[in-house]
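Since the structure comes first, as structure tokens, the remarks are kept for the end.
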Amino acid sequence: MNEFINTILDVFKQRRTRVVKPHPLIVDVLIIVALAIYYYVNHPPINIRNPESYGFLVMIGIALLIIIPGRMNKQEMRDKARIGVSGLVLLLVVGGVISWAFTLRIFHAKLYSNRVTVENVKFSNKTLKEVDFTKTPIIDRDSTMKLGDKVMGEMPELVSQFEVSNEYTQISYKGGVYRVTPLEYPGFIKYLNNREGIPAYIRVNSTTGKTELVKLKSLGLKPMKYVPSAYFGHNLNRKLQIDYPTCNFGKPSFEIDEKGYPWYICTTYSYYGVGNKKYVNGMVLFDPITGHSKKYDVGHFPEWVDRIYPESLVMQEIDDNGSLKSGYLNSVFSQKNVMLTSDGYNYLEKDGDIWIYSGITSANNDSSNLGFVLTNLRTHKTIKFSCPGANEQAAMESAEGEVKNYGYKATFPLLVNVNGNPVYLLSLKDNGGLVKKYAMVDARDYQKASTYSAASYKNLSKLMKEYLLETGEESVDQDLQDESIKVKSFTTFIVDGKSKVYIVDDKDRKFKVEVSSANENILAFLKTGDTLHITYKKSDNINIIKEILS
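Below you can see the structure in the form of structure tokens.
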């Protein structure tokens, strides 16, 4: 009996120590399936100039290193195959690193500086038309997002299933300026419950603030199935990369055409070397409803499209143009004639297109600008105005100083043309993010500033009149009034060395006057109850005292 049991145990021990080798074909299939799953999930571009591709290409090399030698009969052939495949993988990696290293800015400063062609022009009504307040995007991104959330909250049947995307692309649409953004899936479960697609997008007028939730059904359209927030084959980024496996894509931007039809603008890129000197080489126009797409080359983009060149890339190109003309070392050390963009940008509508605007300042990062630069986000055309003056931050502080008693905060300004001169236009917000005032600040002399109530966008025209009045660019003699007022209260503010006195009279009317050599002796000893004989310009906002008569 014991011998029988020992025999059985010996059999089990032999089976446990025996190594079962899977069939080589099964191994090959598993490796190929694993690579296919990785590609489907991560959909990397297959392009040796894109550094994101190298991980996947190395994985393919490792797979070949396992599969190919395994198909060889002789050990000598297997060794040669391993050496050959390993050499190709090593050559790929080393070649990529060398290409990246030798195409850096330090070796090709001139090439990088020519990434964009900057045309120097004179600031005039021909190069930038007089401001049109019906096409002025005065409402910034943060305020737009609040308007979008508000209108979405009024649709309970949608808000429980979808969220508002934070995209809000700035576009020109039917003669006005708008921001548009689609709804999106908040998660996997909501996607499964609404696989028919995204039913709507939000459109916000960047001048008036009018906000609409546009239901595709009302336009006679089906929902958008292929969007970035979808899953599986409906994920926009996955479908794009699988349809165009060798293309390098950035983040698609949402736009609508003149009929309100939704599209995704999918910019394609290439590089000089591996991962360096990124540049736009085309665009794929993607229909999120049908999943159909069409590729366009540079110079052949549809005219209604507004954003092909992304803002971050444009700013980088302009910085390279302004800093690398005299070589890389100069841009780092002596910085002679080095010019950079301001710490921010904004948009303006020009000739039916959306242009990005930023100031140009020296590398010293002082409070002045050397000029302004504008780039068309569809055509890449770039123009520069050589116009020394205050930078955007100084203008924002000047506008805030005009309403210092309220504590409002300024938004990053727009650049507009007022009477042939560059002027900053901006909004002033309270602590809750609500726009309370509009402001204009002279781009050459930031001490010249005016504000007006933002109760209606129509007040922008009134603001311009008041600005022209304060800066002396509009004849106002016939509109001046003479009167004696009794001072009920007054407050003095000093902003950037400029003193202003705000007065409330016994009729609760508001006045403001800038301290000058002609009136400083009177204002220095001003007391409550004093009577002032003034010449002033009547305003719906704050009356402007032009002169205090002795």
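Just so we're aligned, residue 1 is where the sequence shown starts under our numbering, counting upward by one.
Built from N, CA and C at the ideal position, the CB exists for glycine as well.
- When DSSP states are grouped into helix, strand and coil, Ser-489 belongs to the strand group.
- In this structure, the straight-line span from the alpha carbon of Thr-375 to that of Tyr-357 is close to 7 angstroms.
- The C-alpha of Leu-340 is placed about 7 angstroms away from the C-alpha of Ile-318.
- For the options Val-513, Ile-68 and Leu-57, the alpha carbon positioned closest to that of Leu-91 is the one of Leu-57.
- Inside the region 311-386, DSSP marks whole beta strand (DSSP E) runs of 3 or more residues at positions 339-341, 346-350, 353-362 and 368-376, from first to last along the chain.
- Ala-101 is the residue among Ile-360, Ala-101, Tyr-457 and Tyr-38 whose C-alpha sits nearest the C-alpha of Arg-49.
- Under the three-pair Cβ rule at 8 angstroms, the region 263-281 does not count as touching the region 196-209.
- For Phe-188, the three-state secondary structure derived from DSSP is helix.
- According to the DSSP assignment, Pro-245 belongs to no alpha helix (DSSP H), since it is labelled neither H nor E.
- Closest in C-alpha terms to Pro-252, from the list Leu-221, Phe-385, Pro-288 and Tyr-178, comes Pro-288.
- In the three-state reduction of the DSSP assignment, Ala-455 falls in the coil class.
- Among the bridge pairs identified by DSSP, Val-116 is matched with none.
- When the Cα atoms are used, Gly-175 and Pro-186 turn out to be separated by approximately 33 angstroms.
- Pairing Thr-144 with Ser-229 gives a Cβ-Cβ distance that is not under 8 angstroms.
- Within the region 35-84, the runs of alpha helix (DSSP H) at least 4 residues long that lie entirely inside it are, in chain order, 54-70.
- In the three-state DSSP reduction, Trp-304 falls in the coil class, being neither helix nor strand.
- DSSP places Ala-439 inside the beta strand (DSSP E), whose first and last residues are 435-442.
- Following the DSSP letters along the chain, one finds Gly-282 inside the beta strand (DSSP E) bounded by residues 279-286.
- Under the three-state reduction of DSSP, Asp-140 is assigned to coil, being neither helix nor strand.
- Only residues of its own chain outside the window of five on either side were considered, and among them Thr-181 and Phe-254 have a CB closer than 6 angstroms to the CB of Glu-167, listed in chain order.
- For Asp-430, the three-state secondary structure derived from DSSP is coil.
- If you compare the alpha carbons of Pro-413, Glu-397 and Pro-302 with that of Leu-377, the shortest gap goes to Pro-302.
- For Pro-262, the enclosing beta strand (DSSP E) stretches over residues 262-270.
- Beyond the five residues adjoining it in sequence on each side, Asn-391 comes within less than 7 angstroms, by CB distance, of Ser-342, Gly-359, Thr-361, Ser-367, Ser-368 and Asn-369 in the same chain, given in chain order.
- Between Lys-381 and Tyr-408, the C-beta spacing is not below 8 angstroms.
- Nearest Cα to Glu-520 within the set Lys-498, Lys-510 and Val-504: Lys-498.
- The alpha carbon of Phe-123 has as its nearest neighbour, out of Asn-421, Ser-113, Val-435 and Asp-28, the alpha carbon of Asn-421.
- A Cβ-Cβ contact shorter than 8 angstroms links Leu-147 with Thr-211.
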